[in-house]
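J.: Dumping the structure here so I can ask a few things about it.
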Amino acid sequence: MKKSISKSLLNFAFEFNIKKKNNDYKMTITNIYVIDQNSAYDFYVNKLGFRLVDDIPMGPETRWLTVSPPEQPDLQLVLFPVTVSKMFPKEVAENLIDLIKRGFSVVGY
């Protein structure tokens, strides 16, 4: 049972993030883990010229924030905040924040 659940979740993630077009597979959405969504927004939109796709409040301190590079309108980058939560326990969040501060790009889907 555990294997089939994991496999179906993996298939869902693959189908959700990758679309087939003209026999080519294209990634359509992926996460960029960030420390501060406002700074990330400024960097991607104001400095790199990315287009804002979604900016939806998700509570008092976070939001669903996606941007798209102008030359790849089908690709969305989720500017996902790293905070202590069920997804990021304290030690994991601290390590991710440390990596980001040291200049590593932390990406996932």
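First residue of the sequence shown: 0, per numbering that gives the first Met the number 0; consecutive thereafter. Glycine included, every Cβ here is placed at the ideal spot set by N, Cα and C.
(1) Are Tyr32 and Val66 touching if we call contact CB-CB under 9 Å?
(2) Write down every uninterrupted run of the alpha helix (DSSP H) in the region 18 to 84 whose length is 4 residues or greater and which is fully enclosed by it, in chain order.
(3) Less than 9 Å between the beta carbons of Ile99 and Val83, yes or no?
(4) Could you tell me the distance, in whole angstroms, from the CA atom of Leu51 to the CA atom of Asp73?
(5) Using CA coordinates, which residue listed in Lys85, Asp97 and Val77 is at the minimum distance from Met26?
T.: Walking through what the data contain:
(1) no
(2) 36 to 40
(3) no
(4) 13 Å
(5) Val77
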